[in-house]
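In what follows, a single structure is set out as structure tokens and then discussed.
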Amino acid sequence: MNPPPFSVILNPTSGARRGERFLEEVRALVQSRGGVLRVTERAGQATDLARKDQQAGITLVFAGGGDDTVREVIHGIFGSDCRLGILPLGTFNNLASSLLLPHHPLEALLGALDGQDDHIDLGQVDGGPIFTESVGVGIDSEAWSLAPEQEPVGIWRWLTGIRLGLTTLSTFNPQHLRITVDGHPIVSQLMQVTVANARFFGAGIQMAPHARLQDGLLDVCLIPLMNKLQLLASLPLFFSGRHLDRIPDVIYHQGREIEISARRDTPVRVDGVIGGRLPIRIRVLPRALGIRLPHRADSSQDPRTI
59 MNPPPFSVIL NPTSGARRGE RFLEEVRALV QSRGGVLRVT ERAGQATDLA
109 RKDQQAGITL VFAGGGDDTV REVIHGIFGS DCRLGILPLG TFNNLASSLL
159 LPHHPLEALL GALDGQDDHI DLGQVDGGPI FTESVGVGID SEAWSLAPEQ
209 EPVGIWRWLT GIRLGLTTLS TFNPQHLRIT VDGHPIVSQL MQVTVANARF
259 FGAGIQMAPH ARLQDGLLDV CLIPLMNKLQ LLASLPLFFS GRHLDRIPDV
309 IYHQGREIEI SARRDTPVRV DGVIGGRLPI RIRVLPRALG IRLPHRADSS
359 QDPRTI
């Protein structure tokens, strides 16, 4: 008996239970197209379900949820010939936004089912995890290290992020970091280093607005030393990606291998979690993940202009 042509692994709690609200509509569409729907009941289960589906011969597995669910499914299919599909059901949907996918989950599912196969880059921390979005060192990793173990949902997620950001801002002590991009050294006292694979991370922040998922490169953005009022005033620029034009002395590079070290113990943010301490080496994995995209999805475009 042949396996189903695709599966959808849906997290009903994603996006403040947005996944639950779309569950029956997704179920009906999946059944009409001959697929199979899996509904998760706990954190981490999407990885197990995705791995079982690809081992059973299913060649297209959709992640229905937010970026955490997408990463769980990726970990279940990574290294196989199975392709990823995305139903954006989360709060921020950073990977879907970076790929310019439709925001409505049913539109995204239909578009992908009738779409085309492609590949996207991933990043990897040596000795650590792969990542889809970015790695951060500095004020954002210090804030992430204070985050509660149980992530809040809905508006509480925003409020918690604001509180942690303000707390970190009041105590943050910038330090000298040594960064090498493809062997070229940079030493500077910095507020923030972001090494990005995708354009968006966190709450839709665009620290590396030129990052593209299919260029075989990682984008490195270095935010220079500034006082706390200047940094606070700059926050809207980071969300819009306009800090490259508006903040003097921002450094921006692209490369395939990046190393970061410091004199003191420093946490490292990898996507949405603390994923180690300095020093680290980060590299791009070009075209490492098969993905199914709608025909009109083009991650080289600027979403602000369409």
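Heads up: the sequence shown runs through residues 59 to 364, numbered per our numbering. Note that CB positions come from ideal geometry on N, CA and C, so glycine has one too. These numbers come from a predicted model, not from an experiment.
- Close CB contacts of HIS353 within its chain, under the 7 Å cut and outside five residues either way in sequence, are with GLY173, GLN174 (chain order).
- Per DSSP, the unbroken alpha helix (DSSP H) holding GLN89 starts and ends at 81 to 90.
- In the three-state reduction of the DSSP assignment, PHE64 falls in the coil class.
- ASP125 carries a helical assignment under DSSP once its states are collapsed to helix, strand and coil.
- Non-local beta-carbon contacts of ASP176 in its own chain, meaning distances under 7 Å to residues more than five positions away in sequence, involve ILE349, LEU351 in chain order.
- In the three-state reduction of the DSSP assignment, PRO294 falls in the helix class, which pools H, G and I.
- For ASN69, the closest C-alpha among the options GLN89, LEU107, PRO62 is that of LEU107.
- For GLU200, there is no enclosing beta strand (DSSP E); the residue is found in the alpha helix (DSSP H) stretching over 197 to 202.
- Buried is the label assigned to ARG129, since at least 16 other Cβ atoms lie within 10 Å of its Cβ.
- CA-to-CA, the gap between ALA104 and GLY115 works out to about 17 Å.
- In this chain, the beta strand (DSSP E) harbouring ASP175 covers 174 to 183.
- One thing to note: ILE318 has its Cβ within 8 Å of the Cβ of LEU336.
- Between PRO187 and VAL97, the gap from beta carbon to beta carbon reaches 8 Å or more.
- By the criterion of a C-beta distance shorter than 8 Å, PHE296 is surrounded in its chain by ILE263, GLN264, MET265, once the five residues flanking it on both sides are discounted.
- Note on geometry: alpha-carbon atoms of LEU159 and ALA166 lie some 6 Å from one another.
- Cα atoms of THR252 and LEU276: separation of roughly 10 Å, rounded to the nearest angstrom.
- Here GLU200 is buried: its Cβ has 16 or more other Cβ atoms, across all protein chains shown, within 10 Å.
- In terms of CA proximity to PRO325, VAL195 leads the group ASN285, ILE132, VAL195.
- Unbroken beta strand (DSSP E) stretches of 3 residues or longer found wholly inside the segment 279 to 330: 309 to 313, 315 to 320, 325 to 328, given in chain order.
- Here ARG321 is exposed. Its C-beta has fewer than 16 other C-beta atoms within 10 Å.
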